[in-house]
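Numbering (the numbering used here), first residue to last: -9 to 554.
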RNA sequence: CGGGGCGUAGCGCAGUCUGGUAGCGCACUUGACUGGGGGUCAAGUGGUCGCAGGUUCAAAUCCUGCCGUCCCGACCA
């Protein structure tokens, strides 16, 4: 194609408000333009990249045995009421009413629609396992869209839903999708990790996220320095602590006037922070719930949210609520004699001779021991904390380290959550009605564009992997407007390469060479041919076979062979 | 939703504190020169200063309200 006839509005400067590299470069290279917060128009170059990604995803999904369908963006409320999510979902579910006053939503995901399809159309174990996928527009009214298409409100997602007759069959599909995702990301030349993850409001038992590694990533991944363990920080666990030492001190109450924070208390009492236990008051269905952690540990909100009786979403109790329930302020509360439910992080449960608030302002206990001084039931002990870098890995191999990642895929083991709620059944081998085991598998297509750029750019601009580049070859015709020999050679190469199926972009604009080179570096096509009068006089053009390779002098007639 | 920043030409910004005819660079149009890394000269186009109301002889500038957008915390492909 001719660059003079494509809308590729490049920018010299990054627009204000674009923070991360991919967002800046997508704007500068003319891939996208913003319409409103979290809403984007994809320009010709950007759309071509989307199409490439979709093609790879389709190939690999088809290879894995999934079948492509296309479901509607607008979905009737009734189906969401059946699954229970009409009420469960907050304002991120965009709702609308039609002219007949019927309620609908813009689909943020399609479990309800696909489960409805299954219960209507699939009746026998003989039709299973089956796996349906689509590549389609999703809308989620995100609280905070950000980083361009990285977290947009409207975006393109590949989502797949599998139905299995038994657990073994489901497991096979889940493994296949895990492999399929790995193949897709490998083909895009992405450095990624598959990690154990939390299931969020999709529900189900287990899930794995696929993260593209990038400093700009919004998620933290904890991984074992040896062996294969990797998990989202939300879900990551360290190896269990060693058994609790025997008590060595007597319990006594001490005055800690004005000491509100763990750091202050530890310093005042000259006790290690790790031996001071902090009590966090979480809002529960019937008043505050105490979460006890070591002073040097951080509460994990996802884990805490799963404690019985915790009000959703997780919030901390106010000072007034804490005072009403314990008689003390937030800085002086503790598990000894607490009149509210208490849950103890397993690391905190393994500390002996600890310090904790005395439920009286300005007073703490020291030398406290579980069992001896206060009861500790095993059911109270949970993993409640964020792991820290350097913690022993749960697989017993090395220590935990952290990486930043962009979540581009998430696969879920749904179990029968949706099939049960929506009454989807099939007849099994014995002719009995049975509930299918479901999985769902999401991959963010438009987010992948940004993720690829985060890993594939340099100071000058984009550096597309060959599999994703909007065009394979960039013909840069210097002085195209005036030089007849350049024009002839350039037009000839464009025709020849295009006829051979090589997707080629010819810069035929009446721009000076500097502008063309700068734009070419910004667009970042992997292969480049520079056509200028100087070279043509020697009977050659300059070919760059890929990013970072040297220029070679090649006769125009030989160029095609280099790219086919 | 809480906290903070920003809204002036297509893009990047100055001007706002201290009210007095709206500016700079780039881009765009026309012409000339130039022609292998964002070139030079000349002449131009383009703005209800986010919106509404108020104060004032006079508002981009001061006041009030609203909207948009970006960033930081609770959600997710």
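The beta-carbon is built from N, C-alpha and C at its ideal position, and this holds for glycine as well.
Considering Cα atoms alone, identify which of the options is closest to residue i.
i: residue 542; options: 517, 404 and 554; result: 517
i: residue 80; options: 36, 116 and 131; result: 131
i: residue 208; options: 483, 10 and 110; result: 10
i: residue 222; options: 196, 233 and 455; result: 196
i: residue 95; options: 375, 108, 113 and 75; result: 75
i: residue 124; options: 263, 113 and 149; result: 149
i: residue 12; options: 510, 521, 468 and 437; result: 437
i: residue 158; options: 212, 282, 77 and 426; result: 426
i: residue 66; options: 91, 50, 58 and 42; result: 91
i: residue 100; options: 308, 478 and 60; result: 60
i: residue 280; options: 257, 395, 431 and 308; result: 308
i: residue 127; options: 14, 432 and 26; result: 432
i: residue 447; options: 527, 179, 399 and 379; result: 179
i: residue 510; options: 526, 21, 450 and 142; result: 450
i: residue 321; options: 391, 250 and 539; result: 250
i: residue 21; options: 27, 525 and 452; result: 452
i: residue 137; options: 27, 286 and 508; result: 27
Residue i bridges to which residues according to DSSP?
i: residue 31; result: 23
i: residue 355; result: 243 and 346
i: residue 126; result: 147
i: residue 165; result: Looking at the DSSP assignment, residue 165 forms no beta bridge with any residue, so it has no partner.
i: residue 283; result: 268
i: residue 402; result: 197 and 430
i: residue 447; result: 452
i: residue 382; result: 389
i: residue 210; result: 394
i: residue 466; result: 497 and 520
i: residue 277; result: 274
i: residue 543; result: 532
i: residue 58; result: 123
i: residue 360; result: 364
i: residue 87; result: 93
i: residue 222; result: 211
Let me confirm a value: residue i is counted as buried when at least 16 other C-beta atoms fall within 10 Å, else exposed. Which label applies?
i: residue 86; result: exposed
i: residue 346; result: buried
i: residue 170; result: buried
i: residue 471; result: exposed
i: residue 83; result: buried
i: residue 64; result: exposed
i: residue 38; result: buried
i: residue 587; result: Here the chain has residues from -9 to 554 only, and residue 587 is not among them.
i: residue 502; result: exposed
i: residue 113; result: exposed
i: residue 36; result: buried
i: residue 266; result: buried
i: residue 369; result: exposed
i: residue 152; result: buried
i: residue -3; result: exposed
i: residue 176; result: exposed
i: residue 188; result: buried
Kindly indicate the opening and closing residues of the alpha helix (DSSP H) around residue i.
i: residue 549; result: 546 to 553
i: residue 311; result: 309 to 316
i: residue 497; result: First-last for residue 497: 494 to 497, but that is the beta strand (DSSP E), not the alpha helix (DSSP H).
i: residue 407; result: 407 to 411
i: residue 134; result: Taken as a continuous stretch (DSSP letters only), residue 134 belongs to no alpha helix (DSSP H), as it is neither H nor E.
i: residue 477; result: 474 to 489
i: residue 505; result: 503 to 513
i: residue 105; result: 101 to 111
Below 7 Å CB to CB, which residues in the same chain sit around residue i once its five sequence neighbours on both sides are set aside?
i: residue 230; result: 336
i: residue 418; result: 115, 155 and 424
i: residue 294; result: 272, 281, 300, 304 and 374
i: residue 529; result: 545
Tell me which residue opens and which closes the beta strand (DSSP E) that residue i is part of.
i: residue 521; result: 517 to 521
i: residue 303; result: Note, residue 303: premise wrong, no beta strand (DSSP E); not H, not E.
i: residue 333; result: 332 to 335
i: residue 65; result: 64 to 66
i: residue 93; result: 93 to 96
i: residue 182; result: 182 to 187
In chain order, what residues of the same chain have a beta carbon less than 8 Å from the beta carbon of residue i, not counting five sequence neighbours either side?
i: residue 275; result: 299, 300 and 301
i: residue 317; result: 349 and 350
i: residue 482; result: 546
Apart from the five residues on each side of it in sequence, which residues of its chain come closer than 6 Å, Cβ to Cβ, to residue i?
i: residue 237; result: 342, 359 and 362
i: residue 520; result: 466 and 532
i: residue 139; result: 30, 436 and 440
i: residue 632; result: For the chain, the structure presents residues -9 to 554; residue 632 sits outside this window and is missing.
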